[in-house]
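Only one structure is covered here, and it is reproduced in the block below.
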Amino acid sequence: MRTAFRGSVFHCLADPGEQDDEQAIAWLEDGLLVVEDGLVAELGEADALMGSLSGDTRVEDYSGKLIVPGLIDCHVHYPQIDVIASYGEELLDWLHRYAYPREMMFADEAYAREVAAFFVDELLKNGTTTALVFGTVHAHSADAIFEAAASKKMRLIAGKVLMDSNCPEELQDSAATGYEQSKQLIERWHGKGRLGYAITPRFALTSSEAQLEAAGRLAAEYPDVWVHTHLAENHDEVEQISRLFPWSSSYLDVYDRFGLVRERSVFAHCLHLQDNECRLMAESGAAAAHCPTSNMFLGSGLFDLRRLRGRQVRVGLGTDVGGGTSLSLLKTMREAYKVLHLQQQPLPPGRALYLATLGAAQALYLDDSIGNFEAGKEADFVVLDPRGTSISAHRTALAASLGELLFALIVLGDDRNIAATYLQGVRA
Ligand code: GUN
Ligand code: ZN
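The following block contains the structure:
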């Protein structure tokens with residue numbers, strides 16, 4: 004079964020921050036993306052390819068719209084969709100006042116399922132086709148999000164949270180139960196269809212050394228699962244970590260001591276790092292999730308992309324809802340643009356898109372499957388509508404190039420500019 008999608012096409016082949024645009028970015032004003040059995044079969048100029056399509060190929064015409072790879076959210080908490088836009092605190096108070104009390108509600112399995120289904124629908128509405136997701140401490144919270152993603156055949160990595168100290172008792176597991184439940188979830192979900200498991204210690208502040216040790220043991224038993232946690236988001240957090248783990252040389256050293264820093268480890272935030280932590284991130288093959296809407300909402304700090312990419316650390320974007328203020332990666336890209344602009348680091352539109360597509364796929368070690376339109380990759384893509392809002396229609400009509408149009412969509416766009424989301428060539 005072949006389907007061809009006609010429209011303007013834009014994707015990245017490398018990091019535009021490192022390579023010339025000609026090598027890093029490919030755009031086709033009038034392109035044709037040919038999909039067969041859910042995979043990219045071919046991409047080229049419509050003029051050249053239209054004539055060679057077999058008679059049974061269906062053509063979907065998105066002329067006037069922009070086809071880009073599916074957007075990838077490298078860090079988000081599905082249960083916190085309930086507390087998005089909760090006022091006025093920095094991280095640690097925000098957790099105690101809003102996040103923890105709400106996460107207790109997920110003890111109710113039916114409620115977890117309801118929120119998981121809503122969350123996955125919202126991701127797809129925003130053009131997000133892959134996400135790395137926190138559940139709650141409850142094992143069934145992971146089942147709920149995996150089932151919701153599986154019902155859409157969506158690519159999703161998730162885990163139940165490990166937390167056994169410095170948080171409300173109702174939200175605590177133990178080193179032993181956290182290990183056992185995570186292991187069962189790995190066996191049940193990891194590698195099933197497009198689903199993957201992430202061992203998910205909340206952060207070093209809420210896990211005992213025994214729990215971190217158990218998480219590391221699990222990571223060693225399952226070298227191809229992900230590790231997903233938070234790192235150096237907030238000054239008070241960093242200070243408490245150094246008091247709690249007096250033997251450590253840094254925050255990342257705590258995770259490293261327990262075998263949690265490796266390929267497929269994804270650390271959200273990474274704002275307040277020492278040089279040796281940047282070096283360890285790079286050497287270990289770990290990745291950073293940059294979450295600009297959250298960092299500004301919680302007043303956490305400014306992410307230094309130049310510093311981390313300068314050392315070749317893998318970086319993707321995360322929305323970090325509910326500390327983050329939107330599930331939209333278009334909005335997340337524009338806030339990344341602003342955060343970097345404040346540090347005299349320009350973020351051209353091609354590189355912003357890279358951080359939400361190929362860069363994120365590289366951060367998750369999924370770039371052999373997703374991230375751009377190379378032949379053989381899964382045909383997850385988004386159709387962006389420049390006319391989704393009156394202001395975006397007005398501004399993009401004046402754009403002199405596809406790059407200018409993409410930038411306007413990044414600065415002005417939201418879910419109204421997502422005309423369609425496709426998973427493996429099928430409209431979601
Ligand atoms: N650090 C530990 N838990 C959380 C969380 O839920 N949100 C954010 N933004 N940071 C965290
Ligand atoms: Zn987070």
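Just remember that my numbering sits 3 ahead of the position in the sequence shown, which is counted from 1. Every residue, glycine too, gets a C-beta built ideally from N, C-alpha and C. This one's a predicted model, so the numbers in the text were calculated from it and none came from an experiment.
* **Own chain partners of THR424 with C-beta closer than 6 Å, once the 5 adjacent residues on each side are dropped** => LEU127, GLY130, VAL385, ALA431
* Please indicate yes or no: does the CB of ALA271 lie closer than 7 Å to some heavy atom of the ligand ZN? => yes
* Going along the chain, which residues of its own chain have a beta-carbon closer than 7 Å to the beta-carbon of SER211, five neighbours each way excluded? -> ASP167, SER168, ALA178
* Could you tell me if PRO19 is buried or exposed, where buried requires 16 or more neighbouring beta carbons within 10 angstroms of its beta carbon? => buried
* Outcome for MET4 when other beta-carbon atoms lying within 10 angstroms are tallied against a minimum of 16 -> exposed
* To do: Over the uninterrupted alpha helix (DSSP H) stretch that includes SER245, give me the two end residues.
  => 238-247
* Asked: Is the CB-CB distance between CYS273 and ALA285 below 8 Å?
  -> no
* Nearest residue (CA-CA) to LEU16, options ARG309, GLY353, GLY321 -> GLY353
* To do: Tell me whether PHE306 counts as near the ligand GUN, meaning its Cβ is closer than 7 Å to at least one heavy atom of that ligand.
  => no
* Asked: Exposed or buried, which one is TYR90 when buried takes at least 16 other CB atoms within 10 Å?
  -> exposed
* Asked: Considering only residues of the same chain and omitting the five flanking positions on each side of GLN427, which have a CB-CB separation below 6 Å?
  -> GLY41, GLU381, ALA382
* PHE122 in three-state terms, based on DSSP -> helix
* For ASN279, count neighbouring Cβ atoms within 10 angstroms of its own Cβ and tell me buried if that reaches 16, exposed if not. => exposed
* Residue(s) in a DSSP beta bridge with THR6 -> VAL38, ARG61
* Alpha-carbon to alpha-carbon, VAL257 and SER251 -> 6 Å
* Is it the case that the CB of LEU2 approaches a heavy atom of the ligand GUN more closely than 7 Å? -> In the structure as shown, the chain begins at 4 and stops at 431. Residue 2 is therefore absent and cannot be evaluated.
* Contact between the segment 74-81 and the segment 319-327: three or more CB pairs below 8 Å? -> yes
* Asked: Where does HIS344 land, buried or exposed, given buried means 16+ other C-beta within 10 angstroms?
  -> exposed
* Assign LYS68 to one of three DSSP states: helix, strand, or coil. => strand
* Contact test: ASP323 Cβ vs the ligand ZN heavy atom, cutoff 7 Å -> yes
* Label ASP259 either buried or exposed according to how many other C-beta atoms from any shown protein chain fall within 10 Å of its C-beta, with 16 as the threshold for buried. => buried
* Roughly how many angstroms separate the alpha carbons of LEU165 and GLU21, rounded to a whole number? -> 37 Å
* Asked: Going by other Cβ atoms of all chains shown within 10 Å of its Cβ, with 16 needed for buried, is LYS341 buried or exposed?
  -> exposed
* Asked: Relative to the alpha-carbon of ASP388, which residue among LEU405, ASN375, GLY374, GLY379 has its alpha-carbon at the smallest distance?
  -> LEU405
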